[in-house]
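A.B. asks:
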Amino acid sequence: MSAVAGVVSVVLPQSLKTNPKLTSWVRFNTDSTVTVYSGKVELGQGIVTAIAQIAAEELDVSLAQLAIVPGDTRVSPDEWYTAGSQSIEVGGLSMRLACAEVRLMFVEAAAKRFEVNAAELRVRDGVIDMPGTDLKTSYWDLAADVNLAVEATGRAAPKPAAQYSIVGKNAARRDITAKVTGAAYVQDMELPGMVYGRIMRPPAQGAQLLSLDQAKIRALPGVVAVFVSGSFVGIAAEREEQVLKALDAARLAAKWSAAPKLPEPGEITSVLPALPSTRTITSTKQAAEKKAIVTRHAATYSRPYIAHASIGPACALAEFKEGKLSIWSHTQGPHHLRGQIAKVMGLTNAEVEVIHRDGAGCYGHNSADDVALDAALLARACGRPVLLQWTREDELVWSPCGSAMVVKVSAGVDADKRIVEWKHEIWSHTHIKRPGWAEGINLLAAWHMDPPVPVPPAKDMPLPAGGADRNAVPLYDIPNHEVAYNFIADMPIRVSALRTLGAYANIFAIESFLDELAAQLGVDPVAFRLQHQADPRARAVIEAAAKAAGWKPGTLTKTRDGTETKGMGMGFGRYKNFSAYCAVVAEVEVTEKIRVKRVVAAVDAGLIINPDGLKNQIEGGVVQAISWTLKEALQWDSERITSRDWENYPILKFDEVPEVEVVLLNQPDMPGLGTGECAAGPTAAAIGNALWHALGVRARDLPLTPERVANAMP
Amino acid sequence: MSQSFILKVNGQTHTVSAEPNTPLLYILRNDLKLKGTRFGCGEGQCGACTVLIDGKAVQSCDTPLWSAPGHDITTIEGLGTAEAPGRLQQAFIDEQAVQCGYCINGIIMSAEALLIANPKPNDEQIIEALDRNLCRCGTHVRVLRAIKRVAGAAS
């Protein structure tokens, strides 16, 4: 650390390394406001508000003086994707350091102008003054003196948490009022001369278009373009209902080849291990001293393919004008999307701009990028701006879904009831296939066009973050472990990143298995976790959740008389094993089905930026995980995916939602961590463990439907 | 064949021209520019497009245009504006009862219909009124809190 107060040297986070110019982050406007630029985008998680809080705090301006422009390739920094719960960890930290450095540069300029020591100056609402004197200036007065077109050095010390007045307090989300009163989403945009587009997708993955009477479709009322390239068919019409009618007519007129068969539907535990795979050991630990094992146990768990199933199907607006393509999109990665679309369409990056606009809920790599290319192709073909929204069926059938998994866990326990050996074996596909991830083009239309762009080979994300093996390494004090990953390269169903990647199934397996061991050993499940857990932050969330839920040690090992229908269970995880800690206790009542009555979640996400925003994320994570855990599985037959509407892909309804209580453990001196994903795995395990507590039944294949529970009965 | 229809929406009279079986949703969004009513499924299964017709919650995506004349139609824009939000809109802002928010306006319209019929509903009645609305982000807990806030304030 440097000797000068407020000046330090730090390692720059990735976003700041990639976009080092301070003007990429902060610009002062002439009307006494400041605009900050972020590559992280609003997905319904409240990130834009949180990043604005961080920027306002470090700059010492009020939230009202600060505007934020997220995800616009024309002006915003390239920050990879808004994904992996890294927007606070990387994007927030980058903004914090950039703003701290900008503030320091202005304070130094003011000190020079006043010929005083910089340490004697303060900044309030953008006004820089020296207490006890009439020396006073502002960011805006000094703007001509300070050149922000320089690279960040990381030399400015960010404000200590004790001095925070904006970070750590609730701030109302910036986008809510517009959303609940009118137009707010990309779906709601209009441009002069705009037409409405839809895509006719093949009846099943891999079917080829054999013939389509295009003239017949073009003759329908309002149709302005039918664009066919290979098996990609886009239709545009003056009015939205006209394009839908043309789509219906095209479906009747089109002839397709037969599609390759899908694997026979069945239990995931039979389907996946039957597919060709390559086995790799992805993590191993061996202690020098071997303890004698007196108890062994093994169990196999599974999760199905899960759909993103956003309420609003994907949408984009595209305009191709004078050789320049503009796309308004709810993508998670505007810069990556720009590069991929430019490649597919034979344009340079400079000829394409991608501007983020909010869309419906995003839980990972969904159809947002695909629809952007669809709209761009159609806009170029018809020479008019095109607003293109997928149908509900497109959304369920053609969005990538979260990969199914089989997880086999086995362990050995010594005479002191301590786990001394742990094996975790996975069968799954890649959990990431985003545009811009690995080689090639990951956009649906590009694969269907003539000539088709080849579907790139699958490549999963390696540990420590991990893909299918995310959170597969047990985060407990166990001297020997081995994680094996049977990677299935060819996917019968399109898959990519869905909230938590493999962590949902791995934590479900690990935390269910811990309870199975605890039951065999006659140890209380919370006590059993704490016996194997030295990390004080992990212990703290486990203890906080147990306390808030009213956990009574020992009651989980009672003898059942068959009349009990209520149960309580716990699940714990630290997301990716290096991010937010979360422990969940679920209370269930099991009659004809599992009803989750109450959930308590305790979370340590380091420094909290916006407590209410964090609670909202955890509540949402818990409720969505209940939906996954009790109800959701993508269905298919040998021909095609059969989950094509909400009746065939049911999600949680209002009468199935429990009370949710969130306990926040603030750590103001620890880095702030993302929380969008930490609750899912622990919630699933807590429900499974509560089912066991209620009925003495262990159901290991997700979702825990009434049929699965009945089948697990002795 | 396109035909003219006279609609009364949010207290104002409009003349629109479209095919009689056009879903009301597209008329509201594209002809009348009332974008707060959202497309979700087109099959009346998710509730994102819910509006009020004569005070009752109706899915506008499977309501044909020909059936709408002669009725009072209310959309989210009829409940309030960004500057002066309606009681339910204000409650949703106060409770921050939004994640992505795409489903929320349909939920607000279902809740409005409930409160018209029953100004002081109990918890079960609120949940029953939302039986045709789906939320994917898991905002349910806050949604219920926001509606209860208005229901509890009713005199």
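Protein sequences appear in the order of chains Z and D.
Start counting the first sequence at 586; every next residue gets the next number (the working numbering).
Start counting the second sequence at 1315; every next residue gets the next number (the working numbering).
Yeah, the Cβ is synthetic: ideal placement off N, Cα and C, and Gly gets one too.
Bear in mind that the values here come from a model prediction, so they are computed numbers and not experimental data.
1. Name the residue from Z/940, Z/1080 and Z/924 whose alpha carbon lies nearest to the alpha carbon of residue 934 of chain Z.
2. For the beta strand (DSSP E) containing residue 1266 of chain Z, name the first residue and the last one.
3. Over the uninterrupted alpha helix (DSSP H) stretch that includes residue 1462 of chain D, give me the two end residues.
4. With 16 as the cutoff for other CB atoms within 10 Å, does residue 1163 of chain Z come out buried or exposed?
5. According to DSSP, is residue 702 of chain Z part of a helix, a strand, or is it coil?
6. Determine the direct distance from the alpha carbon of residue 949 of chain Z to that of residue 1240 of chain Z, and round the result to whole angstroms.
7. Going by DSSP in three states, residue 691 of chain Z sits in which element: helix, strand or coil?
8. Just by C-beta distance, which residues in the region 620 to 633 of chain Z are closer than 9 angstroms to chain D?
9. Which residues of chain D have a Cβ atom closer than 7 angstroms to the Cβ of residue 1194 of chain Z, listed in chain order?
10. Tell me which residues share the same chain as residue 1142 of chain Z and place their Cβ nearer than 6 angstroms to its Cβ, disregarding the 5 neighbours each side in the sequence.
11. Which first and last residues belong to the alpha helix (DSSP H) in which residue 1033 of chain Z is found?
12. Could you have a look at residue 1340 of chain D and say whether DSSP puts it in helix, strand or coil?
13. Express the C-alpha separation of residue 1158 of chain Z and residue 1187 of chain Z in angstroms, rounding to a whole number.
14. Would the beta-carbon of residue 1088 of chain Z fall within 8 angstroms of that of residue 1160 of chain Z?
15. Put residue 665 of chain Z into one of helix, strand or coil per three-state DSSP.
16. Return the CA-CA distance between residue 779 of chain Z and residue 970 of chain Z, expressed in angstroms with no decimal places.
17. For residue 1345 of chain D, collect the residues of the same chain with a Cβ closer than 8 angstroms to its Cβ; drop the 5 residues on either side in sequence, then sort them by chain order.
18. Of the choices Z/895, Z/856 and Z/839, whose alpha-carbon is the least far from that of residue 847 of chain Z?
19. Looking at chain D, which residues of the region 750 to 773 of chain Z have a Cβ within less than 9 angstroms of any of its Cβ atoms?
20. Just reading off the alpha helix (DSSP H) that residue 930 of chain Z is part of, what are its end residues?
21. Determine the chain Z residues that contact residue 1410 of chain D at a beta-carbon separation under 7 angstroms, and present them in chain order.
22. Quick one: give me the first and last residue of the alpha helix (DSSP H) that residue 1402 of chain D is part of.
23. Mind listing, in chain order, the continuous alpha helix (DSSP H) runs of no fewer than 4 residues lying wholly within the region 936 to 984 of chain Z?
24. Please go through the same chain and pick out, in chain order, the residues whose beta-carbon is closer than 6 angstroms to the beta-carbon of residue 1225 of chain Z, but skip the five residues on each side of it.
25. Name the chain Z residues whose beta carbon is nearer than 9 angstroms to that of residue 1444 of chain D?
26. Only counting the same chain, and skipping five residues up and downstream in sequence, which positions put a Cβ closer than 7 angstroms to that of residue 1252 of chain Z?
27. Between residue 1448 of chain D and chain Z, is the shortest Cβ-Cβ distance under 8 angstroms, so that the two count as touching?
28. When you compare the CB positions of residue 1306 of chain Z and residue 1265 of chain Z, do they come within less than 8 angstroms of one another, or not?
29. Compare the C-beta of residue 1456 of chain D against all C-beta atoms of chain Z and say whether one is closer than 8 angstroms.
30. Excluding the 5 residues preceding and the 5 following residue 728 of chain Z in the sequence, name in chain order all residues of the same chain whose CB lies nearer than 7 angstroms to its CB.
31. Cβ closer than 8 angstroms: which chain D residues qualify as neighbours of residue 983 of chain Z?
32. Skipping 5 residues on each side, what residues in its chain have a beta carbon closer than 6 angstroms to that of residue 1077 of chain Z?
33. So which residues of chain D does residue 1245 of chain Z contact, with C-beta pairs closer than 8 angstroms?
34. Can you tell me whether DSSP reads residue 1089 of chain Z as helix, strand or coil?
35. Check whether the region 960 to 978 of chain Z and the region 1056 to 1063 of chain Z touch, using three or more Cβ-Cβ pairs below 8 angstroms as the test.
36. Would a check of beta-carbon distances place residue 945 of chain Z closer than 8 angstroms to chain D?
C.D. replies: Looking at the atomic coordinates:
1. Z/924
2. Where residue 1266 of chain Z is concerned, there is no enclosing beta strand (DSSP E), although the alpha helix (DSSP H) it sits in stretches over 1265 to 1280.
3. Residue 1462 of chain D -> alpha helix (DSSP H) spans 1454 to 1467.
4. exposed
5. coil
6. 26 angstroms
7. helix
8. Of all residues in the region 620 to 633 of chain Z, 627, 628, 629, 630 and 631 have a Cβ within less than 9 angstroms of some Cβ in chain D.
9. Those do not exist, as residue 1194 of chain Z stays about 14 angstroms from chain D at its closest Cβ, beyond 7 angstroms.
10. With a pLDDT of 48 at residue 1142 of chain Z, under the threshold of 50, the predicted position of this residue should be treated as unreliable, though the coordinate-derived value follows. The residues are 1107.
11. 1029 to 1033
12. helix
13. 11 angstroms
14. yes
15. coil
16. In a straight line, the C-alpha of residue 779 of chain Z is about 5 angstroms away from that of residue 970 of chain Z.
17. Correct list, in chain order: 1328, 1330 and 1332.
18. Z/856
19. 755, 757, 758, 760, 761, 762, 763, 764, 765, 766, 767, 768, 769, 770, 772 and 773
20. 919 to 930
21. 757, 758, 761, 1197 and 1201
22. 1401 to 1408
23. Taking only runs of at least 4 residues, the alpha helix (DSSP H) segments lying wholly in the region 936 to 984 of chain Z are 953 to 967 and 977 to 983.
24. 789
25. 1238, 1239 and 1240
26. Around residue 1252 of chain Z: 1189, 1191 and 1192.
27. yes
28. Here chain Z comprises residues numbered 586 to 1299, so residue 1306 of chain Z is not present and cannot be evaluated.
29. yes
30. 613
31. Correct list: empty, because the minimum Cβ distance to chain D is about 15 angstroms.
32. 847 and 848
33. 1455
34. Shown here, residue 1089 of chain Z sits in a helix according to DSSP, grouped into three states.
35. Pairwise C-beta distances place the region 960 to 978 of chain Z out of contact with the region 1056 to 1063 of chain Z, as fewer than three of them are shorter than 8 angstroms.
36. yes
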